[in-house]
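Let me begin by presenting the structure, written as structure tokens, before commenting on it.
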Amino acid sequence: MGPIEILFYTVMLIFGFIGLVRGVHRELGNAIIFMAVVAILGLANGQGWIDRGVGALASALGADAVRTAEITFVVYAIILVVVVIVTYQGKTPDFSTKPVTGFWGGVLGFVVGAFNGYLIAGTLWFYADKYQYPFNLLTGPLTPTGTLLLQYSPLTVFPNPVFWAVPATILLIMRVWR
Numbered sequence: 000m001g002p003i004e005i006l007f008y009t010v011m012l013i014f015g016f017i018g019l020v021r022g023v024h025r026e027l028g029n030a031i032i033f034m035a036v037v038a039i040l041g042l043a044n045g046q047g048w049i050d051r052g053v054g055a056l057a058s059a060l061g062a063d064a065v066r067t068a069e070i071t072f073v074v075y076a077i078i079l080v081v082v083v084i085v086t087y088q089g090k091t092p093d094f095s096t097k098p099v100t101g102f103w104g105g106v107l108g109f110v111v112g113a114f115n116g117y118l119i120a121g122t123l124w125f126y127a128d129k130y131q132y133p134f135n136l137l138t139g140p141l142t143p144t145g146t147l148l149l150q151y152s153p154l155t156v157f158p159n160p161v162f163w164a165v166p167a168t169i170l171l172i173m174r175v176w177r
């Protein structure tokens, strides 16, 4: 398997192309939801809610520390993936008052889509690293590029959930205000 940062860049690129096709007005709506989810998961991580809940369940079932870490990572991953699927499948806040079209509309859609990919892939990578890459997701050491990129994952750049909730709230207010 190749370096994990290749997967990170690939996810960002895929979501960038999704943003290019969907347009910046729809991707901004998804960005609101993804920033809110990153804030909520960051709050749950900081308070230890999911860790304590999974730990209590795992100890009742007799699971060891490795299995507990794997289950905890899966819980975080399932929450994020379900939100991503529901967000892209369903209705999201739409900033379509005056859509940006043409070249710059495509560029902005790609950039916001790539940002959404960064939020998704970066958050999953943060939790994979926190729980020591469960299920042998990573078998060797991180490359220097991977180590550098991990320092810029969403929950490492802004560990306080407020820093993700505030821009999401501002975008939501802008959407409602129009």
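Counting in numbering that gives the first Met the number 0, the sequence shown runs from 0 upward without gaps. For glycine and all other residues, C-beta sits at the position ideal for the given N, C-alpha and C.
Item, Value
"Distance, L6 Cα to S63 Cα", "In the sequence as displayed, the identity of residue 63 is Asp instead of Ser. Near 29 Å, if we compare the C-alpha coordinates of L6 and D63."
"Distance between beta carbons of P92 and I17, contact taken as under 8 Å", "About 17 Å; that fails the 8 Å criterion."
"Cut-off 7 Å between Cβ atoms - residues of its own chain near L27, not counting five sequence neighbours on either side", "F94, V111 and L170"
"Alpha helix (DSSP H) segment containing D128, residue limits", "G101 to K129"
"Own chain partners of L123 with C-beta closer than 7 Å, once the 5 adjacent residues on each side are dropped", "A76 and L79"
"Validate contact between the region 149–162 and the region 97–109 using beta carbons, cut 8 Å, 3 pairs", "no"
"Whole-number beta carbon distance between F14 and N115, since they are thought to touch under 8 Å", "5 Å"
"Backbone secondary structure at D50 - three-state DSSP", "helix"
"Which of helix, strand or coil DSSP assigns to S58", "helix"
"Proximity below 9 Å, CB of V10 to CB of I84", "no"
"Alpha-carbon spacing of R146 relative to K129, whole angstroms", "Here residue 146 turns out to be Thr, not Arg, going by the sequence shown. Near 13 Å, if we compare the C-alpha coordinates of K129 and T146."
"DSSP three-state assignment for G145, whether helix, strand or coil", "helix"
"Residue range of the unbroken alpha helix (DSSP H) whose run includes G18", "I3 to R21"
"Coil, strand or helix - T86 by DSSP", "helix"
"First through last residue of the alpha helix (DSSP H) which encompasses T155", "P153 to V156"
"F94 - DSSP class collapsed to helix/strand/coil", "coil"
"First and last residue of the uninterrupted alpha helix (DSSP H) at P166", "V161 to W176"
"T71 in three-state terms, based on DSSP", "helix"
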